[in-house]
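Peer 1: Okay, here's the structure, questions in a sec.
Chains as they are written, first to last, in the working numbering: chain Z, 70 to 445; chain C, 70 to 445.
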């Protein structure tokens, strides 16, 4: 256990929970009242309350970003490589907040929590929330924590979209924004992958129009397919070649539909693990939040106009082998920031890991983050 | 109808069928006896019987490569842009043979035909056939047609693998080989995409372990998901952006899981059409033929050794925007041919259409094919 709780780990952590007793008007037109957000914090809020940073999670992420819940946990939180004493998001210096988003399935109000109005689980009736809605809900969390402005808001992938939206929605409440492996809007290809994932879940007979919990089942098959597909798009062709190549699991072909290749075995295993921890309705709404994100839309498609009133400094990062959110998507954000005459740094990190690179301990990547954070 | 039956069309065509009364030993160890192959021919076999070319189809293709079956057909055969009088595969000069492969679902012996031994439909008991098995079955078809050697064997994608295997298996029976948008073996990423497609079909409750016909159903959901996924990988990110962008079908977001974006509507439509025409067991075995293809394997992974005894001229083609079978996969074939001191021409065609480019009337592409065919 020594290495778990070493001097660079935040150690054992526990989630907190807050009931936000305010109503939140959502982009879909509905209003949500009295909702719960689960979050973790690492480090200490200083007296001036100006050292708080917010970590926003991606599609299948949650509030548990660093440390361990239990000494026996096999893995730390999902961004433990970045969060801790002397790490890029340094808990000696910063008070770090990481939450499970509204609509999530790890404790925050979402499809598998009770709707107090009806006494029933929300299920598929939970409204589709947007990146903008999340940012508004995170603002209420900041208010609750007594944080007037974030020193930095940070996220990768769908989390990066939230970091971008924060700068747009609350220019006076955010001093720095780090947008990693993200895009200002999804491409048709990205929407298409999400649609295949959704269709695989929705057409699973055990989905029951989203009321699967009532039937005591879960749409395992659909969620598995969605996860397997997602997984392929998070890795690069090259990293899959290096990791699996054409290696056979049992040294021979079976001329049947059981596992022949290692990569098949890996995908099935990943899917199985995911089905056990993630909720199908949440997965669906997260993909819609991705699809719908497009802050330039209300500015005639001109992102630089959407960014006009932002005041934060920006760091934009992309990875060479990421084809789900390629560097060219980050370039669009950077160009728009430059056109809007904002302070922006950009790095393209040489990495072989595909989209998943943003979770990896890549020295150049951690170095760029650390440098930027030293001036936060 | 004028334009359908113009001077560059092969016009109205009818498929033929042959029962091959020989036994074929398959790579899986099983033997298939007395099997039927459905094929079409365009142009005339000359007296010397040396002007025959073989067209090999890809995953979801069939024997109907050119012309129309009926004056009212909306679409011609799948490679009509390449096959006809004065087209690259010129029916004024060549006798063109196009077949539905063994294991197919368009008339050749396959999962949905009767096993004469048992009197039952083969269904999932139809053996998994390989590219090598197909080439052997095509050799028997050549024998039946009295063709001692093909002037050229041509194919795109999985069809290109057959064109490559022909040169290896029957060096004296093929004078030219055209390998388009193919690979000498699939990458882990490609196998992974195929595995997701297979899992979506196999886990569909209406698959019934492949005996769906007995139950009077088809695994529509699974086959739809497989096709939608396949479709995304046949197009380029760029072509999808140009074709659909983020266009909304009804001008607004619905905050639900019905179609929002045009690209979603397109995919669902394509999937629906595919389910009506294609057989799930055939789809499964075709993906396995792709996964298993690896002629270098029995030569310690050295493709140039596998190519050592080939005698044909080769034309290898790839397309700039094809990411499912990228140009680098064609480079591997070309380099191995060069190392083996074979006659090879290679062109990378500038095209925006992704993997599907091989079916498109791209002037540079048709020009390269035409030039090569003039010396066949």
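Ideal Cβ positions, reconstructed from N, Cα and C, are used throughout, including at glycine.
Assign residue 82/C to buried or exposed, taking buried as 16 or more other Cβ atoms, counted over all protein chains shown, within 10 Å of its Cβ.
Peer 2: In the second chain, counting from the first residue as 1, residue 82/C sits at position 13. Classification for residue 82/C: buried.
Peer 1: Just checking: is the beta-carbon of residue 261/C within a distance shorter than 8 Å of some beta-carbon in chain Z?
Peer 2: Residue mapping note: residue 261/C aligns to position 192 of the second chain, counting from 1. Taking Cβ atoms only, chain Z reaches closer than 8 Å to residue 261/C, which makes this a yes.
Peer 1: For the beta strand (DSSP E) containing residue 302/Z, list its first residue and its last residue.
Peer 2: If you number the first chain from 1, residue 302/Z lands on position 233. Residue 302/Z -> not in any beta strand (DSSP E); alpha helix (DSSP H) instead, spanning 289-303.
Peer 1: Since residue 164/Z is in the beta strand (DSSP E), which residue starts that stretch and which ends it?
Peer 2: If you number the first chain from 1, residue 164/Z lands on position 95. Per DSSP, residue 164/Z belongs to the beta strand (DSSP E) from 164-168.
Peer 1: Residues bridged to residue 153/Z by DSSP?
Peer 2: The residue labelled residue 153/Z in the question sits at position 84 within the first chain. For residue 153/Z, which the question treats as bridged, DSSP gives the partners 159/Z.
Peer 1: Show which residues of chain Z have a CB atom less than 7 Å away from the CB atom of residue 290/C.
Peer 2: Counting from one through the second chain, the residue named residue 290/C turns up at place 221. Within 7 Å Cβ-Cβ: 272.
Peer 1: Which of the residues in the region 353-376 of chain Z, read from start to end, lie with their CB under 8 Å from any CB of chain C?
Peer 2: Correct list: 353, 357, 360, 361 and 363.
Peer 1: If you draw a straight line from the C-alpha of residue 198/Z to the C-alpha of residue 95/Z, how long is it?
Peer 2: As a first step, residue 198/Z is located in the first chain; it is residue number 129 there, counting from the start. As a first step, residue 95/Z is located in the first chain; it is residue number 26 there, counting from the start. Their Cα atoms are separated by approximately 7 Å.
Peer 1: Say whether chain Z places a C-beta atom closer than 8 Å to the C-beta of residue 195/C.
Peer 2: Here the question's residue 195/C lines up with position 126 in the second chain. Not one chain Z Cβ lies under 8 Å of residue 195/C.
Peer 1: Let me see if you follow: with CB-CB separation under 8 Å, is residue 230/Z close to chain C or not?
Peer 2: As a position in the first chain, residue 230/Z is number 161, starting the count at 1. No, because no Cβ of chain C sits closer than 8 Å to the Cβ of residue 230/Z.
Peer 1: Does DSSP put residue 265/C in a helix, in a strand, or in coil?
Peer 2: The sequence position of residue 265/C within the second chain is 196, counting from 1. Reduced to three states, the DSSP call for residue 265/C is helix.
Peer 1: Please say whether residue 436/C and residue 391/C have beta carbons closer to each other than 8 Å?
Peer 2: Locating residue 391/C in the second chain gives position 322, where the first residue counts as 1. Locating residue 436/C in the second chain gives position 367, where the first residue counts as 1. For residue 391/C and residue 436/C, no; Cβs fall outside 8 Å.
Peer 1: Taking only the alpha-carbon atoms, compute the straight-line gap between residue 100/C and residue 93/C and give it to the nearest angstrom.
Peer 2: On the second chain, residue 100/C is found 31 positions in, with the first residue counted as 1. On the second chain, residue 93/C is found 24 positions in, with the first residue counted as 1. The alpha-carbon atoms of residue 100/C and residue 93/C are separated by roughly 6 Å.
Peer 1: Measuring only between beta-carbons, confirm whether residue 97/Z sits less than 8 Å from chain C.
Peer 2: Numbered from its first residue, the first chain carries residue 97/Z at position 28. For residue 97/Z, the answer is yes, since a Cβ of chain C falls inside 8 Å of its Cβ.
Peer 1: Quick check on DSSP: helix, strand or coil for residue 181/Z?
Peer 2: Along the first chain, read from residue 1 onward, the residue named residue 181/Z stands at position 112. Reduced to three states, the DSSP call for residue 181/Z is coil.
Peer 1: Output, in sequence order along the chain, the residues in the region 236-261 of chain C whose CB is closer than 9 Å to any CB in chain Z.
Peer 2: From the region 236-261 of chain C, only 254, 255, 256, 257, 258, 259, 260 and 261 have a Cβ closer than 9 Å to chain Z.
Peer 1: Is residue 189/C helix, strand or coil by DSSP?
Peer 2: For the purposes of this step, residue 189/C is identified with residue 120 of the second chain, where counting begins at 1. In this structure, residue 189/C counts as strand in the three-state DSSP scheme.
Peer 1: Roughly how many angstroms separate the alpha carbons of residue 211/Z and residue 431/Z, rounded to a whole number?
Peer 2: Within the first chain, residue 211/Z is the residue found at index 142, counting from 1. Within the first chain, residue 431/Z is the residue found at index 362, counting from 1. So the two alpha carbons sit approximately 31 Å from each other.
Peer 1: Taking residue 225/C as the reference, give the member of 247/C, 206/C and 239/C with the closest Cα.
Peer 2: As a first step, residue 225/C must be located in the second chain, where it is residue number 156. Of the listed residues, the one whose Cα sits closest to residue 225/C is 247/C.
Peer 1: Short of 6 Å in beta carbon distance, which residues of its chain neighbour residue 331/Z, apart from the five on each side in sequence? Order them along the chain.
Peer 2: Translated into the one-based positions of the first chain, residue 331/Z becomes position 262. Closer than 6 Å at the Cβ level, and outside the excluded window around residue 331/Z, lie 313, 316 and 318.
Peer 1: Under 8 Å, Cβ to Cβ, is there at least one residue of chain C near residue 431/Z?
Peer 2: The residue labelled residue 431/Z in the question sits at position 362 within the first chain. No, its Cβ sits nowhere closer than 8 Å to a Cβ of chain C.
Peer 1: Would you mind working out which of 88/C, 346/C and 342/C sits nearest residue 178/C, comparing C-alpha positions?
Peer 2: Stepping through the second chain from its first residue, residue 178/C is reached at position 109. Closest by alpha carbon: 88/C.
Peer 1: Give the straight-line distance between the Cα atoms of residue 263/Z and residue 284/C, rounded to the nearest whole angstrom.
Peer 2: Within the first chain, numbered from 1, the residue matching residue 263/Z stands at position 194. Within the second chain, numbered from 1, the residue matching residue 284/C stands at position 215. Cα to Cα, residue 263/Z sits roughly 32 Å from residue 284/C.
Peer 1: Under 8 Å between the Cβ atoms of residue 342/Z and residue 288/Z?
Peer 2: As a position in the first chain, residue 342/Z is number 273, starting the count at 1. As a position in the first chain, residue 288/Z is number 219, starting the count at 1. Against a cut-off of 8 Å, the Cβ pair of residue 288/Z and residue 342/Z comes out as no contact.
Peer 1: Show which residues of chain C have a CB atom less than 9 Å away from the CB atom of residue 319/Z.
Peer 2: The residue labelled residue 319/Z in the question sits at position 250 within the first chain. Chain C residues near residue 319/Z: none, gap ~15 Å exceeds 9 Å.
Peer 1: Does any residue of chain Z have a CB that is nearer than 8 Å to the CB of residue 330/C?
Peer 2: For the purposes of this step, residue 330/C is identified with residue 261 of the second chain, where counting begins at 1. Chain Z contact via Cβ: present.
Peer 1: Within 10 Å of its beta-carbon, does residue 440/Z have 16 or more other beta-carbons around it, so buried, or fewer, so exposed?
Peer 2: Position 371 of the first chain, counted from the start, is the residue given in the question as residue 440/Z. Classification for residue 440/Z: exposed.
Peer 1: Alpha carbons only, please: which of 103/Z, 78/Z and 128/Z is nearest the one belonging to residue 355/Z?
Peer 2: Along the first chain, one-based indexing puts residue 355/Z at 286. Nearest of 103/Z, 78/Z and 128/Z to residue 355/Z, Cα basis: 128/Z.
Peer 1: Using the three-state DSSP reduction, which class does residue 123/C fall into: helix, strand or coil?
Peer 2: Here residue 123/C corresponds to residue number 54 of the second chain, with the count starting at 1. Looking at residue 123/C - three-state DSSP - the assignment turns out to be strand.
Peer 1: Tell me the DSSP secondary structure of residue 405/Z in three-state form.
Peer 2: Locating residue 405/Z in the first chain gives position 336, counting from the first residue. Residue state, collapsed to three classes: helix.
Peer 1: So the alpha helix (DSSP H) residue 382/Z belongs to, where does it begin and stop?
Peer 2: Taking the first residue of the first chain as position 1, residue 382/Z is located at position 313. No alpha helix (DSSP H) contains residue 382/Z, which is instead part of the beta strand (DSSP E) from 382-388.
Peer 1: Let me see if you follow: with CB-CB separation under 8 Å, is residue 387/C close to chain Z or not?
Peer 2: On the second chain, position 318 is the one that residue 387/C refers to. Not one chain Z Cβ lies under 8 Å of residue 387/C.
Peer 1: Ordered along the chain, which non-local residues of its own chain (more than five positions away) have a Cβ less than 7 Å from that of residue 134/Z?
Peer 2: Mapped onto the first chain, residue 134/Z falls at position 65. Correct list, in chain order: 109, 124, 146, 147, 148, 152 and 167.
Peer 1: Please confirm if residue 159/C has its CB atom under 8 Å from at least one CB of chain Z.
Peer 2: Start at 1 with the first residue of the second chain, and residue 159/C comes out as number 90. No, residue 159/C lies away from the interface with chain Z (no Cβ there is under 8 Å from its Cβ).
Peer 1: Per DSSP, residue 416/Z forms a beta bridge with which residues?
Peer 2: Indexing the first chain from 1 puts residue 416/Z at position 347. Residue 416/Z is bridged to 386/Z.
Peer 1: Secondary structure at residue 104/C, three-state DSSP: helix, strand or coil?
Peer 2: Here residue 104/C is taken as the residue at index 35 of the second chain, counted from 1. Strand, per DSSP.
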